[in-house]
Structure formats: C-alpha cells, structure tokens
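Residue numbers (the working numbering): -3 to 708.
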DNA sequence: AGAGTGGGCCTTTTT
DNA sequence: GGCCCACTCT
C-alpha cells in the first residue's frame, strides 16, 4: 500500500482499512466513523490497484447511498490514483443495484428487459384487482385489505419464510383464510408476470433467483464484484443477506458494517441476527470493533447511553466521547404544536445568527406529519428548509398520472399503468377500464393500441373518453420514445384539461409536470428514467457530487440514519407519538422504538433540544403526555435552565392525566404566554392562513426546483 | 356502471 | 383536519 491513511484514521479504523482479502464484519457504534471507514477502505482498495468498477457498495436507503458515494468521489477524486473516467465503484441500495443487474439478465428469470417497477401504491392496486379476479368480496371487512395482503407477501419474501408463515407471524387471526389469501397472492404474482412488472420485493427476489439458479451468471457476477461492502448491515433482511452470500461466494471479500443498537427496520423484515450471525454465513470472517465516538459531546452520549441501556435484547456497549464537555441536552415543553414550532423556529434562527450553517441544523420527528406546524412556521419566517418525508415528488397523484402514460410507452402490458390512465377519462370507471385493458394490452404495442376497435364495443360516453385518450397516445407516439418529449406530450394533451377541471391548484401541478419534463431530459431511455424515479425520489445528482443543499433539514428519524448535524431538534416527543402507539403492540416494538430514539439522539454533535407539545393531533382539546422515553430517562441528563424548570417526567402517569393541573406539573413557563391559536400576520391585511398559504407557494416551488432537480 | 355525497376512521417507519 | 369508503342517485 502506498498511501498512508494513519493521519486521518484511528487505530480501530485503520485495522479495518488494512484488512486484506476475505470476509470481515465491523461492529461499530454510533458516530464511530462507520461511513468514514468504509469510504477510506474503498479508497485504499483502489490505492492497492483494485479496479474501482469491481467494488460494490450496498446500503439501505437512498440517502445513505448518495452520501457515501459523494464522499468516495470526493476522496478518490483528490487522490493521485484518480480512476479513469467511467471507472467508479458500483454503489446504491439493494433495490437499485438489483434493478441495474436485472436489466441485463431479465430474460433469465422470465421477464423482458423493459420491465416496469411498481411502487407500493401500484402494487396495492394490482393486488386489489387480483383479489377481485379470484372472487374475494372487497367490501367485506373480514378479509385482509390489499395493503395487508401486500404486507403478508412482502414479509414472506423478505424474511424468506413464505406467505403462510408471514400470515401466522403478522396476523394469526387470518390463518383460517389462508387458502383464499394464497389464491389472491398467486393471482397477484401471475398478473405481475403478465404485465412484465416487478414490485419492490421482486427486484430482490428475482435477483436472488438469478444468482441461485443460474450458475454461469452467478460466476460472472462473482467475478465482476470482487469486493463488496455493506453499510447498515443490521438492517438487512434474510433475502438481502442471502444475496450478499451468493454474490460474494463463501470466501468472498465482504465487509459488513453495522450496529445492533441502530436496527430500526424490522417492519421490513430486517433482522439484527444477520449481523450477529455474520460469522456463520462466512466462517472465516474477521471481527472488528469501532468504539470511539467522534461525533457527539459527552453530554449527548450520556443521554444516548442512558436511553439504550434500558433495552434488554442487545449487546451492551457504552459510547465514549473524545470531545470536551459542552452542555446537556435541553427539554422544552410547549402548550401546543404551534408554540412548539415557534420555539424551535426561534432557536433555529438564533443558531443561524450565531453563525451555525443551515446545513448543520436538523429537526427530526417520528412520523412525517409531526412536522406540519413547524413547516408552516418556518415558511412564515422565510427560513428555507429541505424536507424529507411525507408524500414524495414522484408519488404525487399528477406526477404518477404522467408517469403512468410513459409506462405505456415502455411496456404495453403494464396493467396498473393502463388502469390508472384509462380511469382518468370521463365515462370510464373500474369495470370498463378492466375490459378495455384486456383489449388494448393484446395489441402488443402503443402504435397498435391506438388502432384498436374500442369504440365499437362501448357506449357513447366511454367512446368520447377513449377518443381523448387516443389523441394523447398518438402524440406520445410522435415523441419516439424520448422521455422528455413524452412528458411534454402528456402536458399538451387533454390531461391538463383534466387537471384544471379537477384541482384548484392545477397551475402548480402543471408546473410540477414541467419540472418533470426538464428532469426527464437527462435520460435517453424511458425504462431507465422510470426505474430511477421509482427507486430514488431525491435525484439531486450533480456532476461534482458534493454540492449538498445548504439548508436546514426536516426529516423523519428513519431517513436521518447515518447522518449527523451540529444541532438537532427532536420534536413531538409525545406519549403515543414516539414511541408510536401501534408499534408498541408489535413483538419487540418498544425496543425497536427505543433504538429509533437512540438513533435520533446520536445524530447530534453539539446541540440537542428535545420538545413536545401538550396538545397535538386532530383533537386539539386532548392533552398529551410526554414520551415514555423522556419519562424514563435520568433527569440529570438534561439541562436545567432554572431550578424549578426540571420536568418531573418520573412523576407523570397517564392514569393521573385526566384530573391533574398540567400547566403546573410540566408546562408552567409556557402556558401563560400562549396566544390564541390564530396569530397576527405581521400587520398584513391578509388572514394568517392566507399569508401562510401565499408564502407556501413561493417557498414550496423554490424548494421543489432545488431539491429534486439539484444543480443540473 | 359512474358520479356524487355524507359518515366514520385513522394516522409509522422505506424500497 | 383530511382521507377513504360505503351508500345512493342518475
């Protein structure tokens, strides 16, 4: 090895970088430089002469994948061993890598290379239609809904336990219905094959099928990917773990990095045992540990250690900080969600004026809708932010409508796309759409479909709808498969009339479609474009890779995993919200929620503020208690601003909530200065709501441009 | 068979 | 406070 990394890394990390060939597992605590270690290991491999494109990096979320690839490019871009243009490690989520490979080998598993990818909504729709096919009464309440059916199928696939065991594990009460459940699931699978469409699970399952049944291809891919590195290994499920095993071979050069305390995806069949039993899959695996935390000040780690110590099912460990002491995390109680938003916004603006860069500030929450009040408040104040969570750009109804049109151009058999497009027309409902799909899909291509004798077989209202759609399809044919031209064809079709008739904000929606067209111009092939938008919503790819957004971040805790900020706000820490009430009923649910809380706390480097409102949710009159995680934590972990300011979490119980004087118990200092729900809009004649709305249009529009188009 | 309207229901997390 | 579903009318 010619480059010395010992200046940049500690001894624990260096050992991983210097690990030669063969499997190894790295058990790494939060903030111990996990990603850094992976990034440097990749650089070191390239330094040793390993061809970059024979390195495969697998991660769990898009966020983590792009973060890691950015850092790798920044690092190897600086090294004298700059790879040739076009030579870059392969990196991405399991799903996106599976997609890339299956595009080349689709025919080996009974698919065409132009297969479409169904997102969860498409999958549910298709499942619903499969259930109808096999005669299940969808109006009855006794049968699992399409969403629950999808959950069964998905869990069975990802945990590799099959459908029946999944039903038993997730909802034993549906076991008596298993015969019908299986019939519907089989019909669903058949429909996907007929439609040349894969759902998210198929991407992994078909990839697995390819590797396990097709020995020559397996050997080819094993030879191609000489080095495999997997981040967040604690979140892999059985199927993903099996994929790693097949791709690497028994003596493969696999580096698996993870932390059992941060396993937060068990709802997706993630299993901590995968990392703990890694040496069983790879008997020769070396084991390394990273235990020094470089990220957070000791006060934050005190809280983190205190939190996680309450979990029973874990490998006890204690994070040790190397940083000097600073201040303890603060806890704030607000009378309402609006006042909590106010408080957080105040503090954010204070940090900004103290010179903390916006990109070093994040607000985290358990569920996407918890950030609503804060979003409005930040918009009102003109603080720009990057929002992560909630409805994604490519999941918005009108964007999906436009994409469904493009799917027809790529794959005429795509049933879900046909049904979506057909039902947009006046005079075409569920039943007619089913019949028309049967007629259209057999034509074999869009060019033939527009010639199909549809009018002869339907009533005049339906015929009018079809004529309009046919006009749109014909102009799409003139786009000759160019993604951007196809989007424009949809915009110029009667679809915009539909938007204008249907929505008050049609102009905004058309603007979204314009942006979609601009973005589509980056692609030559429709299937590539569609796969990317389905698998990765952010798509802020920039040529330099390091132009990250300089904005305050609002994010769910799940999406924040692997990231870090100078200042972190953890909001809406209410009983029932975090830990999530429903998660508490699941097996191991409380411990998983606690790990999630631990992940949230350990994102912060220097400042951590935890807060919750006394009222929240749709019933603003119902009082909410603090999260049990606040109640159970050692009060000495928190900063006290005044002596009487220490929240008496320990003394709070849900049972006493009904009759106790809350403001005196734990809301005293804020309860008195609560204005009414309405606020005055800085002297403007607009009503507060109007003021916020007009502002929202501006900020939202601006945000969309930057966050999904990036700097292209 | 489609479209429109009133009532009941929640709200996890991601690919 | 909003969404989805079931029911009813055309």
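Backbone N, C-alpha and C fix where the C-beta goes; we use that ideal spot for every residue, glycine too.
Since we're looking at a predicted model, the values are computed, not measured.
Less than 8 Å between the beta carbons of residue 220 and residue 50, yes or no?
Contact annotation: residue 220 and residue 50 have beta-carbon atoms nearer than 8 Å.
What residue ranges within the region 435 to 503 form continuous alpha helix (DSSP H) runs of no fewer than 4 residues, ordered along the chain?
Within the region 435 to 503, the complete alpha helix (DSSP H) segments of 4 residues or longer fall at 442 to 445, 456 to 473, 479 to 487 and 491 to 498, listed in chain order.
Of the residues 57, 285, 582 and 437, the one placed nearest residue 165, counting alpha carbons only:
582
Residue range of the unbroken beta strand (DSSP E) whose run includes residue 361:
357 to 361
For the region 236 to 249 and the region 273 to 291, state whether three or more C-beta atom pairs, one from each stretch, are separated by less than 8 Å.
yes
Exposed or buried, what is residue 109 when buried is set at 16 or more other beta-carbons lying within 10 Å of its beta-carbon?
exposed
Tell me whether the beta-carbon of residue 473 lies closer than 8 Å to the beta-carbon of residue 285.
no
According to DSSP, residues forming a beta bridge with residue 603
563
Where the alpha helix (DSSP H) containing residue 209 begins and where it ends
196 to 209
Hey, could you find the ends of the beta strand (DSSP E) residue 54 is sitting in?
51 to 55
So, for residue 709: in the same chain, excluding its five sequence neighbours on each side, which residues have a beta-carbon less than 7 Å away from its beta-carbon?
There is simply no residue 709 to check, as the chain begins at -3 and stops at 708 in what is shown.
Residue 375 versus residue 158: straight-line alpha-carbon distance, rounded:
47 Å
Pick helix, strand or coil for residue 184, following the three-state DSSP scheme.
helix
Count the other CB atoms, across all protein chains shown, that sit within 10 Å of the CB of residue 422; report buried if there are 16 or more and exposed otherwise.
exposed
Should residue 618 be labelled buried (16 or more other beta-carbon atoms within 10 Å of its own) or exposed?
Residue 618 is classed as exposed because its beta carbon has fewer than 16 other beta carbons within 10 Å across all chains shown.
At least three beta-carbon pairs within less than 8 Å, the region 141 to 148 to the region 107 to 123
yes
In three-state DSSP terms, what is residue 113?
strand
Entirely enclosed alpha helix (DSSP H) segments - the region 230 to 275, minimum 4 residues
234 to 244 and 269 to 272
What is the DSSP secondary structure of residue 523, counted as helix, strand or coil?
In the three-state reduction of the DSSP assignment, residue 523 falls in the helix class, which pools H, G and I.
Other residues of its chain near residue 328: CB distance less than 6 Å, five sequence neighbours each side excluded:
339 and 607
Flag this pair as touching only if the region 547 to 560 and the region 408 to 421 have three or more C-beta atom pairs under 8 Å; answer yes or no.
no
Where does residue 42 sit, in a helix, a strand or coil, going by DSSP?
helix
Going by the CB atoms, is the gap between residue 194 and residue 113 shorter than 8 Å?
yes
Cβ-Cβ distance between residue 200 and residue 225 below 8 Å
no
Three or more beta-carbon pairs under 8 Å between the region 61 to 72 and the region 36 to 53, yes or no?
yes
Anyone know if the C-beta pair for residue 589 and residue 579 falls short of 8 Å?
yes
For residue 148, which of 595, 176 and 211 has the nearest alpha-carbon?
176
Using the Cβ count rule (16 or more neighbours within 10 Å means buried), how would you classify residue 318?
exposed
Along the chain, where does the beta strand (DSSP E) containing residue 224 start, and where does it finish?
Start and end: 223 to 226.
Go through its chain and collect everything with a Cβ distance to residue 570's Cβ below 8 Å, but skip five positions before and after it.
608, 609, 612, 620, 621, 622 and 623
In chain order, what residues of the same chain lie with their CB nearer than 8 Å to the CB of residue 204, ignoring the 5 residues before and after it?
235, 238, 239 and 242
In chain order, which continuous runs of the alpha helix (DSSP H) of length 4 or greater are located wholly inside the region 275 to 347?
294 to 304
For residue 609, the three-state DSSP class (helix, strand or coil):
Looking at residue 609 - three-state DSSP - the assignment turns out to be strand.
Could you check the C-alpha separation between residue 504 and residue 393 for me, to the nearest Å?
13 Å
Could you say which of 62, 28 and 36 lies nearest to residue 532 if we only look at CA atoms?
62
List the endpoints of the continuous alpha helix (DSSP H) containing residue 577.
Element bounds for residue 577: n/a, residue is neither H nor E.
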